[in-house]
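Chains as they are written, first to last, in my numbering: chain P, 11 to 200; chain E, 643 to 750. Have a look at the structure below before the remarks.
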């Protein structure tokens with residue numbers, strides 16, 4: 011890929027991704043604030059204490075953290091032109107991201123069977139909107155990683171394309187960082 | 643101006659070693675275990691909020707510094723991220739104050 015001159019001393023695409031991440035902070039900040047101000051104000055159950063599954067979510071959190079490790083190792087492999095390892099680590103991100111999403115689908119289905127829906131109470135509305143938007147971000151990330159893996163399998167993901175992987179990695183790590191906050195605020199501090 | 647111009651591929655940019663990434667992942671896993679442990683220890687329930695917030699911030703900072711390479715990248719990127727974070731945190735705090743979740747009207 012042809013390189014472009016920049017005046018900030020960093021890649022324009024990387025800077026653009028950081029600006030986007032900054033705006034995403036505000037987006038998730040608003041959703042978290044909404045969850046917190048309505049916490050404990052539901053008139054009917056189920057309440058967080060009755061329904062949240064901490065062991066399951068702890069495992070999901072661990073899986074997402076390890077996907078971030080896989081992501082950063084994929085970038086490292088691409089920068090070193092180690093095509094085999096870059097494919098393995100990118101595949102790892104996809105598998106771990108998929109597992110996280112599967113856990114979230116299971117959790118949502120369980121909640122639905124226990125009577126918690128988007129319309130049921132304030133907890134359901136704020137919880138599903140917050141974690142649902144996060145899940146949508148993870149889904150976008152998994153699709154992005156699949157495109158990178160396909161690109162790699164076609165032989166087009168060498169060190170000259172490392173910035174493509176780095177920008178995707180920034181997005182992935184941010185989604186992980188947001189989950190760190192959600193896990194603490196929603197699941198552990200009840 | 644010319645000396646401020648670099649190229650998009652940023653050749654030779656320094657990142658952490660793979661060993662450091664594994665170490666950070668291990669620390670993140672240990673902190674997560676601690677968080678869950680704190681949740682299940684009744685003795686700590688009176689101080690659970692500050693403990694969990696500190697552990698959560700530690701994890702967030704480690705991810706941003708090492709996995710997102712802010713420790714090794716140009717300060718302008720940290721500034722851009724910090725602006726977003728400060729606005730986001732302000733939104734949370736102001737909303738909670740306005741709705742009485744924290745502050746003088748809390749619990750009313």
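A virtual CB, placed ideally from N, CA and C, is assigned to each residue, including glycine. Since this is a predicted model, take the numbers as computed values, not measurements.
- At the C-beta level, residue 85/P and residue 176/P come within 8 Å of one another.
- Between residue 40/P and residue 133/P the beta-carbon gap is near 18 Å, outside 8 Å, which marks them as no contact.
- Here residue 44/P carries a helix assignment [DSSP, helix/strand/coil].
- Taking a 10 Å sphere around the C-beta of residue 116/P, we find fewer than 16 other C-beta atoms and assign the residue as exposed.
- Taking CB atoms only, residue 726/E has a neighbour in chain P less than 8 Å away.
- For residue 57/P, the secondary structure class from DSSP, reduced to helix, strand or coil, is coil.
- Taking C-beta separations shorter than 7 Å and ignoring five residues to either side along the sequence, the partners of residue 80/P in its chain run 99, 102, 103, 106, following chain order.
- The straight-line gap separating the alpha-carbon atoms of residue 140/P and residue 715/E is approximately 30 Å.
- Rounded to the nearest angstrom, the gap between the Cα atoms of residue 50/P and residue 161/P is 47 Å.
- Residues of chain P with a Cβ closer than 9 Å to the Cβ of residue 714/E do not exist, since the nearest Cβ in that chain sits about 11 Å away.
- Close to residue 690/E, with beta-carbon spacing below 8 Å, are these residues of chain P in chain order: 198, 199.
- Within chain P, no residue has its beta carbon less than 8 Å from that of residue 748/E; the closest one is some 11 Å off.
- Annotated as distal: residue 54/P and residue 172/P, with beta-carbon spacing of 8 Å or more.
- Minimum Cα-Cα distance from residue 27/P among the listed residues 707/E, 719/E, 739/E corresponds to 719/E.
- Boundaries cannot be given for residue 741/E, as no alpha helix (DSSP H) includes it and DSSP labels it neither H nor E.
- Uninterrupted alpha helix (DSSP H) stretches at least 4 residues long and entirely within the region 83-146 of chain P occur at 93-123, given in chain order.
- Between the beta-carbon of residue 694/E and that of residue 198/P there is about 5 Å, and that keeps the pair under the 8 Å contact cut.
- Among the residues of the region 12-33 of chain P, those with a Cβ less than 8 Å away from any Cβ of chain E are 13, 14, 15, 16, 17, 18, 19, 20, 21, 22, 23, 24, 25, 28, 29, 31, 32, 33, in the order of the chain.
- Just measuring C-alpha positions, the residue of 67/P, 121/P, 118/P, 56/P sitting nearest residue 191/P is 67/P.
- For the 8 Å CB-CB criterion, residue 678/E and residue 64/P form a contact.
- Within a 10 Å sphere around the beta-carbon of residue 38/P sit 16 or more other beta-carbons, which makes this residue buried.
- Taking C-beta atoms under 8 Å as the contact rule, residue 733/E and residue 36/P qualify, at a distance of about 7 Å.
- For residue 662/E, the enclosing alpha helix (DSSP H) begins and ends at 660-682.
- For residue 186/P, the enclosing alpha helix (DSSP H) stretches over residues 172-192.
- Look at the region 42-67 of chain P: the residues with a C-beta under 7 Å from a C-beta of chain E are 42, 43, 46, 47, 64.
- The C-beta separation of residue 722/E from residue 32/P comes to about 5 Å, placing the pair in contact by the 8 Å criterion.
- Membership of residue 690/E in the alpha helix (DSSP H) is indicated by the continuous run 690-704.
- Residue contact with chain E for residue 190/P: present (Cβ-Cβ distance below 8 Å to some residue of chain E).
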